[in-house]
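Q: Take a look at this one; I'll ask things after.
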Amino acid sequence: MAPSESSPLLNNISSPSQFFASKLFRNFKNTRKWAVGSLIKVGMGTVSTISSPSSSLRSSNIDWNYSNGMSTNTDPFSIVVRTYASLYGRRSYSSSNNTKESVNNEEKKIETKHETNAVIKKQTESDFLLTSIHDIDKYIQSHKNELTKEEAVHEFFKMMKFCLAYCQLHNGRVSKKLISLIYSVAKGVLKAVQNNSQFLRDIYNLLCMLEFKNYPALHMPCIQLAFGFRETKDIEMCASLFENHILPILQSVYESKSDFYSDYLLAAFILLPEFAVIREDFVEKIFECTSKFVPNDCYSLPNAVIIERNYSVQLLPTTNQSGLIQVLKYFSKYFFEYISSVETKSKKNGAFDGNILVASFKNIRRFGMQIEIQKYNYALEVLVRNNSPQATEFFEEILELGYTKPDETTYGTLVKHLSNNVKKGKEGHDLVMKCYNDMMESGRVNQKALTTFLTVTRYHSTRFQELREKIANQLYDWKEPLDQFSTTEAILHTIQKHGIEVAYEKLGDLRREGKAEMSPSVYNAILHAVSSDIQQVTIAFNVLNYMIEDKINPNDHILVSLLSIETKLHNLLYKPGKVDPVIVDRLERYKATIDSLLKDLIEDVCEGKAHNYVLISAAMKRFKDTQEYDKVIKIFENIRDRMTMEAKQDGSIYLIVMKSCESKKNVQALYECLEHLLRQELPVIPWQLYRHIISLISRIDFGTAEQKDHLVEQIYTKYAPLFADVDQLKRQVDPKCLAKTAWKIPPGKGLTSAEVAFIENAKQVIARKSQESSSVTIDEQTQ
């Protein structure tokens with residue numbers, strides 16, 4: 001069928017979308033032999049359907065001439081160009097049959113004349129097409145703030161028909177200036193349509209029809225299309241854009257060693273997260289292309305250093321290395337997004353697959369890309385967060401990097417991984433020991449690595465005694481000064497293993513020799529230990545003297561330790577019985593010193609001023625222990641409306657207040673405290689708090705039966721199911737109901753007698769209230 005003949009395929013096409021989805025367009029893409037005339041005819045039909053009223057007048061004449069020209073049964077391309085060339089005014093286009101019957105001088109003259117005419121005609125057609133293209137460009141530019149999405153696509157569609165004709169006329173060889181014009185107009189139209197999925201596809205398909213032999217694919221605004229397809233989640237178009245345009249361009253410019261603008265590489269980075277998991281072959285290609293254009297050693301360098309080194313690269317613009325710097329910025333941004341995308345997409349497909357990340361980073365190493373440690377850290381964090389068995393393998397990969405070393409974040413993430421494993425008994429023990437031995441054999445040992453192992457095994461010291469002692473001695477003998485984290489962990493181990501006095505001696509040696517960084521956390525390790533052994537109070541005051549000499553201000557944790565020490569000193573001084581006067585005098589002096597340190601803190605807490613809830617809790621506990629219950633109640637009244645959610649969920653403040661109210665026999669304050677707790681609508685409460693509340697309800701008379709029944713019903717409904725299966729009267733095992741793992745789960749497998757009594761009482765209360773409610777309803781209906 002000739003392209004100009006009426007086709008049933010064309011009759012049902014009323015929009016660009018239908019055209020690109022039609023069999024006709026697919027045949028064109030597959031064969032690349034479809035006459036441009038048919039394309040022009042179909043194109044004009046589609047344009048007229050999406051024209052808005054404001055653009056209909058502008059296109060009416062041009063559409064009429066096209067449709068008129070297509071009615072004759074001749075070559076449609078010639079008809080269109082002939083018609084518009086005559087309108088343009090240079091020279092009318094005449095068709096002739098050049099059948100050669102004989103060869104003579106006269107015919108040679110005619111042939112020469114025809115050749116001359118053909119050149120003139122071609123130039124005429126070319127001038128007309130270029131003028132038309134520029135006219136549409138000027139119209140779009142002058143009305144860019146007024147055109148709607150539909151109007152912008154309409155104008156672009158018309159322009160592309162002239163571009164297709166021009167490309168056909170010159171056999172696919174055009175000037176770079178025209179390609180730049182098409183690129184610029186396409187960018188503007190893409191900006192106008194924003195993230196309209198169908199318009200994006202239409203524009204992309206139009207651009208795909210242009211095949212320039214001398215500048216292939218350079219007319220394609222890849223970065224704008226990449227943004228659009230990414231936002232619309234059009235993975236099919238993302239893959240097409242990368243495979244058919246971005247990748248060929250990058251391969252071409254690399255082989256030709258020619259400079260190019262970085263947009264094409266940036267477009268590849270934009271698509272990187274979209275290819276995660278589903279097209280890892282494209283991910284590998286992007287890494288390979290990046291390694292060809294970006295110097296291996298510049299990924300972690302500051303911009304100033306990159307400018308100073310003045311790398312010789314193909315990336316434009318080269319002024320101040322701005323092309324290279326922009327590429328590095330985009331790569332960093334979208335590589336982090338790629339790692340997150342691997343996590344998200346692999347979870348959607350089922351279980352998280354850590355092998356994908358490990359394989360990607362192996363490809364990066366294979367291509368010689370020396371990316372910064374932060375990217376390795378983030379990938380390790382994702383592996384650890386998903387309990388991936390590849391986490392240890394990946395950490396070993398990091399240790400093998402020759403150009404960088406693990407940093408604090410790396411080892412902090414490793415702590416999480418090893419912490420998850422030390423709880424697994426012998427298997428976890430063997431894994432920790434293997435990591436330590438591998439690290440020692442590799443020679444990549446530093447403070448942070450050793451400190452990590454001390455941190456991980458702190459709460460499992462009985463299983464790792466030899467390892468912890470060995471590591472602590474390594475740190476004490478370290479040639480370079482220890483940082484505050486290493487010093488704190490070493491001191492904590494010594495306290496745990498050898499006692500406060502030995503730890504204090506070690507601290508003194510480190511401080512005297514300048515071998516460690518002194519900080520609040522280091523000193524608090526000693527102070528906290530003294531708060532548990534008040535007989536060592538002299539050491540606490542020596543530590544306070546060190547702090548004064550080192551000009552270290554006490555932080556919240558130190559203040560909590562001092563509050564605990566002060567409380568125990570108070571109890572020791574004023575407990576019944578005889579005490580040595582010398583000891584009393586000494587302790588009185590120590591207590592006065594601590595009192596002066598804590599005076600402002602205690603006054604602030606009593607006045608309800610904002611403080612860390614841990615400090616508030618410690619101050620309230622101090623007054624409870626010294627039997628100053630009124631102060632505890634007063635503090636609670638001042639701070640209860642300003643308590644943070646963290647303070648409410650911790651429960652320690654509520655627990656201290658309830659115990660103080662009970663000791664003071666202040667039932668009204670106790671009831672108000674419980675009511676305040678219930679009004680917070682906390683999803684869960686700690687086991688210790690729940691256990692104390694049900695114990696209180698069984699022992700305390702809350703004035704009226706209604707008040708008590710109200711409390712029983714509320715606590716039973718909101719919190720009893722967290723800890724007990726109230727129907728079967730057994731311990732709750734449903735993980736959806738259990739309190740957070742950070743809070744202690746009730747000991748033992750069975751319910752306590754107090755829990756059983758509370759549940760049975762609550763059921764009776766609810767049944768009685770339900771019966772009373774039913775009786776009231778019946779009475780009302782009777783009346």
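Heads up: the sequence shown is residues 1 to 783, going by full-length UniProt numbering.
Cβ coordinates follow ideal geometry from the N, Cα and C atoms, glycine included.
#1: Assuming the contact rule is C-beta atoms closer than 8 Å, Ile471 and Leu450 should be a hit. Round their C-beta distance to whole Å, please.
#2: Given a threshold of 16 other Cβ atoms within 10 Å of its Cβ, counted over all protein chains shown, does Gly499 qualify as buried or as exposed?
#3: Which first and last residues belong to the alpha helix (DSSP H) in which Tyr613 is found?
#4: Helix, strand or coil: how does DSSP classify Lys730 here?
#5: Since Tyr261 sits in a beta bridge, which residues does DSSP pair it with?
#6: Whole angstroms is fine: what's the gap from Glu637's alpha carbon to Gln688's?
#7: What would DSSP say about Leu482, mapped onto helix, strand or coil?
#8: State the Cα-Cα distance for the pair Ser564 and Lys665, rounded to the nearest angstrom.
#9: Excluding the five sequence neighbours on either side, which residues of its own chain have a C-beta within less than 8 Å of the C-beta of Leu510, listed in chain order?
#10: Would you mind reading off the limits of the alpha helix (DSSP H) that contains Ile693?
#11: For Asp725, list the residues DSSP reports as bridge partners.
#12: Label Met645 either buried or exposed according to how many other C-beta atoms from any shown protein chain fall within 10 Å of its C-beta, with 16 as the threshold for buried.
#13: Per DSSP, what kind of secondary structure is Ala276 in: helix, strand or coil?
#14: Could you give the distance in angstroms between the alpha-carbon of Asp533 and the alpha-carbon of Asp550?
#15: Using only the alpha-carbon positions, how far apart do Val756 and Ala720 sit?
#16: Here's a check: name, in chain order, each residue in its chain whose Cβ is nearer than 6 Å to the Cβ of Lys416, leaving out the five neighbours to either side.
#17: Whose CA, out of Val712, Ser322, Tyr690, Val614, lies closest to the CA of Thr752?
#18: Is it right to say Gly350 is buried, meaning 16 or more other beta carbons lie within 10 angstroms of its own, or is it exposed?
#19: Looking at Ile307: is its Cβ nearer than 8 Å to the Cβ of Gln326?
#20: Hey, how far is the Cα of Tyr459 from the Cα of Ile552?
#21: Which of the three DSSP states, helix, strand or coil, is assigned to Ala516?
#22: Do you know offhand how far Gln771's Cα is from Phe702's?
#23: Expressed to the nearest angstrom, what Euclidean distance is found between the alpha-carbon atoms of Phe25 and Gln198?
#24: Determine the contact status of Thr290 and Met369, defining contact as a CB-CB distance below 8 Å.
#25: Verify whether the separation of the beta carbon atoms of Ile700 and Ile653 is less than 8 Å.
#26: Looking at the structure shown, is Asp509 part of a helix, part of a strand, or coil, going by DSSP?
#27: Beta-carbon within less than 6 Å of Phe156's beta-carbon, same chain only, minus the 5 sequence neighbours each way: which residues are those?
#28: Please report how far the alpha carbon of Ser773 lies from the alpha carbon of Tyr716, in whole angstroms.
#29: Please state whether DSSP places Phe242 in a helix, a strand or coil.
#30: For Asn296, I'd like the list of residues in its chain whose CB is within less than 8 Å of its CB, leaving aside the five on either flank, ordered along the chain.
#31: Using the three-state DSSP reduction, which class does Asn420 fall into: helix, strand or coil?
#32: Leaving out five residues on either side along the sequence, give the residues of the same chain with a beta carbon under 7 Å from the beta carbon of Phe162.
#33: Quick check on Pro317: buried or exposed, where buried means 16 or more other Cβ atoms within 10 Å of its Cβ?
#34: Verify whether the separation of the beta carbon atoms of Phe336 and Phe282 is less than 8 Å.
#35: To which residues of the same chain is Tyr261 closer than 6 Å at the C-beta, ignoring the five residues directly before and after it?
A: This is what the structure gives:
#1: 5 Å
#2: exposed
#3: 613-625
#4: Reduced to three states, the DSSP call for Lys730 is strand.
#5: Leu316
#6: Rounded to whole angstroms, Glu637 to Gln688 spans 22 Å at the Cα level.
#7: strand
#8: 25 Å
#9: Tyr476, Leu482, Thr487, Ala516
#10: 687-699
#11: Lys730
#12: By the 16-neighbour rule on beta-carbons within 10 angstroms, Met645 is exposed.
#13: coil
#14: 25 Å
#15: 10 Å
#16: Val384
#17: Tyr690
#18: exposed
#19: By the CB criterion at 8 Å, Ile307 and Gln326 fall outside the cutoff.
#20: Rounded to whole angstroms, Tyr459 to Ile552 spans 28 Å at the Cα level.
#21: strand
#22: Here the C-alpha atom of Gln771 lies approximately 23 Å from the C-alpha atom of Phe702.
#23: Caution applies to Phe25, whose pLDDT of 45 falls short of 50 and renders its modelled position unreliable; the value that the coordinates give is listed next. If I take the Cα positions, the gap works out to 16 Å.
#24: In this structure, Thr290 places its C-beta atom within 8 Å of the C-beta atom of Met369.
#25: no
#26: helix
#27: Val189
#28: 19 Å
#29: helix
#30: Gly368, Met369, Gln370
#31: helix
#32: Leu129, Ser132, Ile133
#33: exposed
#34: no
#35: Leu316
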